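There are 2 protein chains.
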Amino acid sequence: MTTTWTQATVPTPALVIDAQIVRQNIARMASYASAHNLKLRPHIKTHKLRQVAEMQMEAGAVGLTTAKVGEAEVMSELCEDLLIAYPPVDAHRAAEIAKLARKTRLTVGLDSLLAAERLSVAATGAKSEIEILIDLDVGFGRTGVQGPKAAAELAKQIDALPGLHVRGLMYFPGNVPAPGPEQSSRLAAVESILGDAVIRFREQGTSTEIVSGGSTPTAFQTHLMRSTTEFRPGTYIYNDRNCIEAGVSTIDDCAGRIIATVISTSVPGQVVLDAGSKTLTSDRNGPNPDCGYGLILEYPDAEIGKLSEEHAQVDISACGTAPKLGERVTIIPNHICPCVNLQNQVWWLDRDELTAVTVDARGLLV
Amino acid sequence: MTTTWTQATVPTPALVIDAQIVRQNIARMASYASAHNLKLRPHIKTHKLRQVAEMQMEAGAVGLTTAKVGEAEVMSELCEDLLIAYPPVDAHRAAEIAKLARKTRLTVGLDSLLAAERLSVAATGAKSEIEILIDLDVGFGRTGVQGPKAAAELAKQIDALPGLHVRGLMYFPGNVPAPGPEQSSRLAAVESILGDAVIRFREQGTSTEIVSGGSTPTAFQTHLMRSTTEFRPGTYIYNDRNCIEAGVSTIDDCAGRIIATVISTSVPGQVVLDAGSKTLTSDRNGPNPDCGYGLILEYPDAEIGKLSEEHAQVDISACGTAPKLGERVTIIPNHICPCVNLQNQVWWLDRDELTAVTVDARGLLV
Numbered sequence: 249m250t251t252t253w254t255q256a257t258v259p260t261p262a263l264v265i266d267a268q269i270v271r272q273n274i275a276r277m278a279s280y281a282s283a284h285n286l287k288l289r290p291h292i293k294t295h296k297l298r299q300v301a302e303m304q305m306e307a308g309a310v311g312l313t314t315a316k317v318g319e320a321e322v323m324s325e326l327c328e329d330l331l332i333a334y335p336p337v338d339a340h341r342a343a344e345i346a347k348l349a350r351k352t353r354l355t356v357g358l359d360s361l362l363a364a365e366r367l368s369v370a371a372t373g374a375k376s377e378i379e380i381l382i383d384l385d386v387g388f389g390r391t392g393v394q395g396p397k398a399a400a401e402l403a404k405q406i407d408a409l410p411g412l413h414v415r416g417l418m419y420f421p422g423n424v425p426a427p428g429p430e431q432s433s434r435l436a437a438v439e440s441i442l443g444d445a446v447i448r449f450r451e452q453g454t455s456t457e458i459v460s461g462g463s464t465p466t467a468f469q470t471h472l473m474r475s476t477t478e479f480r481p482g483t484y485i486y487n488d489r490n491c492i493e494a495g496v497s498t499i500d501d502c503a504g505r506i507i508a509t510v511i512s513t514s515v516p517g518q519v520v521l522d523a524g525s526k527t528l529t530s531d532r533n534g535p536n537p538d539c540g541y542g543l544i545l546e547y548p549d550a551e552i553g554k555l556s557e558e559h560a561q562v563d564i565s566a567c568g569t570a571p572k573l574g575e576r577v578t579i580i581p582n583h584i585c586p587c588v589n590l591q592n593q594v595w596w597l598d599r600d601e602l603t604a605v606t607v608d609a610r611g612l613l614v
Numbered sequence: 249m250t251t252t253w254t255q256a257t258v259p260t261p262a263l264v265i266d267a268q269i270v271r272q273n274i275a276r277m278a279s280y281a282s283a284h285n286l287k288l289r290p291h292i293k294t295h296k297l298r299q300v301a302e303m304q305m306e307a308g309a310v311g312l313t314t315a316k317v318g319e320a321e322v323m324s325e326l327c328e329d330l331l332i333a334y335p336p337v338d339a340h341r342a343a344e345i346a347k348l349a350r351k352t353r354l355t356v357g358l359d360s361l362l363a364a365e366r367l368s369v370a371a372t373g374a375k376s377e378i379e380i381l382i383d384l385d386v387g388f389g390r391t392g393v394q395g396p397k398a399a400a401e402l403a404k405q406i407d408a409l410p411g412l413h414v415r416g417l418m419y420f421p422g423n424v425p426a427p428g429p430e431q432s433s434r435l436a437a438v439e440s441i442l443g444d445a446v447i448r449f450r451e452q453g454t455s456t457e458i459v460s461g462g463s464t465p466t467a468f469q470t471h472l473m474r475s476t477t478e479f480r481p482g483t484y485i486y487n488d489r490n491c492i493e494a495g496v497s498t499i500d501d502c503a504g505r506i507i508a509t510v511i512s513t514s515v516p517g518q519v520v521l522d523a524g525s526k527t528l529t530s531d532r533n534g535p536n537p538d539c540g541y542g543l544i545l546e547y548p549d550a551e552i553g554k555l556s557e558e559h560a561q562v563d564i565s566a567c568g569t570a571p572k573l574g575e576r577v578t579i580i581p582n583h584i585c586p587c588v589n590l591q592n593q594v595w596w597l598d599r600d601e602l603t604a605v606t607v608d609a610r611g612l613l614v
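This is the structure:
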């Protein structure tokens, strides 16, 4: 059902996605990828929507990336080349992956022989073939094999397992800062690790068909990590206040906005909005942790200082004029991905037409 | 469908609710309420489950409390006396409340004439009657009329509006600390405000049939705020690490536990679990903000120091033995309420039998 949009149309709190901004964000990333001969494999964790994934595929993405197996199952309906950038150490995951691999080309990123062995057993049982990327830590320190030598050794062991085929490498450059004075040396350090790994893989006859990078903050610097063949940004599709504070987005690039209502003005110096941690999440801003829980576009000097589950307490002491009781405001959240993940549906706004859209791939078990 | 429980039964991350602990928590609160002649109106924001609400009603609760109107709609199927402890300043909320009030006895807590006026208009249109509690700030500073005099004045204005009837007061003692040296003076300060308000209401002929308190940390001190007639704790049904750190629960009182798998041990001094901010939320611990994002029962010296959306980075440097790759662990989250709110279903564990239960009242629009 489609209705005409005004800020008063929807019950609040509401997450509204601006389709025009989504299209701009898709076009910009596709254009960058094309200009640098990079393949783009967007991470769907941010939107979890079939219709947005279709837009990404139509704009030239070579495939899609997911974290959960269930997300890949949903996306397999529209995409035949999926990367699950998450290690299947849990036996349930391995079984589901092996099953899904019978229907679609499936690649899995992992950093342990155990994960590969479990997947190999599952693939053998399901009579499916699964492609593998070795997750290599380039300095972020979350997951990933420690160093090119160990990565090459793991690749060799995995290539010998039935049902699995190593296609190359995966990395996550979350340690590279956003554009600024330190960025170029950190990019060079990442490339130094990648280049070494690629040479070692080639020397031992392991495929390096794919070297997969990621992360929205450094997406437009991916070509400077020259070994990279494809990248998998997620947040770029909507952007958020993290992107703004990191200097990689403007407000006009932010497609996901939360409409909230002022529900109390009883306490002096404060207004209360109906968007609490069950809407905005408790994610603080990454680059600027003390700027509050979201940017109120109509009152940029207001600070969302404290959240309860269904309340946001907004400090208005720095505002010239304050929002009135019952007034609606528009918030760009710190981190849009977990905000989307809280909604059963988002409001899709396309040229003043508003449609309720179910978030297809949220809340999945595996 | 019911299956036999072992820690390996469910795909991870999984939220498991221990039914025996739920029963104990219900019995303890019901017994306290009964001993002090207090009425209990549990807040369902924590569980959002019909079957738990039914258990609470069967144990003698006089009704239920919700934050969202949609939650009240779901609970109206099993309860005929509902309190929406949230002001309907948004017009959509007022309309839905007025509609629901035709089916069930409905009380609404609010702190502004505007909210009451909107509700009165909606009630008149829907030909329904709505009961009102005046939300009085007792020092927490989130919502609530500032002081007994202003509360009494607002009550008088609202009682004159068509379709509305003031039944008394509502307060939230979130400013009262957990048991400790400062608690008794703060309890006395709350009671001083409440007592004054009750006298003023009575003097002007406004009902004080209900004086509604709340909050799990001070639930068992409710009788010390002597004007209180009923209370609406929520978290007590499951409890969490906030309750443990506040000294009001033990581990054995915590019914909600997240089962997670170690999915990477590549980075020295760290293991990675498959429970990130999309499972544990980014809520820090209230009483002890630097204790990490949850308590790992099998490894209490480990610290969940950093969350991504689907990863928890656990510092194991203080652990004698460390969890192994593929091992499963049990986590008590900092704040159980928003964790439940992330799940489409929870696993209901009753004497080794496990059943998947849909979280009925999550993700609702209004």
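Protein chains in written order, with this note's numbering: chain A, 249 to 614; chain B, 249 to 614.
Glycine included, C-beta positions come from ideal geometry on N, C-alpha and C.
Quantities reported herein were computed from a predicted structural model and do not represent experimental measurements.
Among B:Glu-557, B:Glu-478, B:Leu-602, B:Val-607, which has the Cα closest to the Cα of B:Leu-330?
The residue with the shortest Cα to Cα distance from B:Leu-330 is B:Glu-478.
Residues from the segment 548-571 of chain A in contact with chain B, defined by Cβ distance under 7 Å
The residues in question are Ser-556, Glu-557, Glu-558, His-559, Gln-561.
Partners in chain A for B:Pro-465, counting only beta-carbon separations shorter than 7 Å
Result: empty, since nearest Cβ-Cβ is about 14 Å, beyond 7 Å.
I'd like the span of the alpha helix (DSSP H) that includes A:Glu-601, first residue to last.
Segment 601-606 is the beta strand (DSSP E) holding A:Glu-601; no alpha helix (DSSP H) there.
Alpha helix (DSSP H) segments (min. 4 residues) lying fully within the segment 424-497 of chain A
431-451, 489-493
Who are the neighbours of A:Leu-286 on chain B, taking C-beta pairs under 7 Å?
Within 7 Å Cβ-Cβ: nothing; A:Leu-286 doesn't reach chain B, min ~24 Å.
Please determine if the segment 450-461 of chain B and the segment 483-496 of chain B are in contact, where contact requires at least 3 C-beta pairs separated by less than 8 Å.
no
Separation of B:Asp-444 from B:Met-473, as counted between CA atoms:
12 Å
Run the CB neighbour count on A:Leu-545, radius 10 Å, all protein chains shown included, and call it buried at 16 or more, exposed below.
Looking at its Cβ environment, which holds fewer than 16 other Cβ atoms inside 10 Å, A:Leu-545 is exposed.
Just to make sure I have the definition right: I need the residues of chain A whose C-beta is within less than 7 Å of the C-beta of B:Cys-585. Which are they?
Glu-557
At which residues does the alpha helix (DSSP H) containing B:Arg-241 begin and terminate?
The question about residue 241 of chain B has no answer, for chain B in this structure spans 249 to 614.
Is any beta-carbon of chain A found at less than 8 Å from that of B:Thr-391?
yes
Reference B:Thr-606, options B:Gln-299, B:Ser-376, B:Ala-399, closest by Cα:
B:Gln-299
Suppose you measure from the CA of A:Ile-552 to the CA of A:Val-562; what does that come to, to the nearest Å?
4 Å
What does A:Gly-428 reach in chain B if we use C-beta pairs closer than 8 Å?
Those within 8 Å of A:Gly-428 in chain B number zero; the least Cβ separation is about 22 Å.
If contact is defined by three or more beta carbon pairs under 8 Å, each pair taking one atom from either stretch, is the segment 299-310 of chain B in contact with the segment 323-337 of chain B?
yes
Which residues mark the beginning and the end of the alpha helix (DSSP H) in which A:Asp-407 is found?
That run of the alpha helix (DSSP H) goes 396-407.
For B:Gln-591, go through chain A and note every residue whose CB falls closer than 7 Å to its CB, in chain order.
Gly-611
Contacts that B:Asp-385 makes with chain A (C-beta to C-beta distance below 8 Å)
Those within 8 Å of B:Asp-385 in chain A are Ser-514, Val-515.
Straight-line Cα distance separating B:Ala-398 from A:Thr-294
46 Å
What in chain A is Cβ-close to B:Thr-509, meaning under 7 Å?
Val-337, Asp-338
Can you tell me whether B:Leu-609 is helix, strand or coil according to DSSP?
Checking the displayed sequence, the identity of residue 609 of chain B turns out to be Ala instead of Leu. DSSP places B:Ala-609 in the coil class of the three-state scheme, outside both helix and strand.
Euclidean distance between Cα positions of A:Ile-683 and A:Pro-537
Summary: the structure shown does not reach residue 683 of chain A, with chain A confined to residues 249 through 614, and so no result is reported for it.
Hey, how far is the Cα of A:Tyr-419 from the Cα of B:Gln-469?
53 Å
Against B:Asp-407, what residues of chain A qualify as contacts under a CB-to-CB distance less than 9 Å, listed in chain order?
Here the premise fails: no neighbours, minimum Cβ distance about 19 Å.
How big is the Cα-Cα spacing for A:Asn-273 and A:Pro-481?
11 Å
Proximity to A:His-291 [Cα-Cα], best of A:Gly-416, A:Gly-462, A:Ala-370, A:Asp-385
A:Gly-462
Using the DSSP secondary-structure output, state which residues sit across from B:His-413 in a beta bridge.
B:Glu-379
Out of curiosity, what's the CA-to-CA distance linking B:His-413 and B:Leu-381?
9 Å
DSSP state of A:Arg-366 mapped onto helix, strand, coil:
helix
Proximal residues, the segment 315-334 of chain B versus chain A, C-beta separation under 8 Å
From the segment 315-334 of chain B, only Ala-315, Lys-316, Tyr-334 have a Cβ closer than 8 Å to chain A.
Can you list the residues of chain A that B:Ser-530 reaches, using a CB-CB cut of under 8 Å?
Residues of chain A passing the Cβ test: Thr-529, Ser-530, Asp-531, Arg-532, Pro-586.
In the DSSP output, what is A:Lys-287 paired with across the bridge?
A:Glu-478
Just to confirm, is the Cβ distance from B:Arg-366 to B:Ala-333 under 8 Å?
no
Residue-chain proximity (B:Arg-341, chain A), Cβ-Cβ < 8 Å
yes
For B:Asp-634, which residues does DSSP report across the bridge?
Nothing about residue 634 of chain B can be read from this structure; chain B reaches only from 249 to 614.
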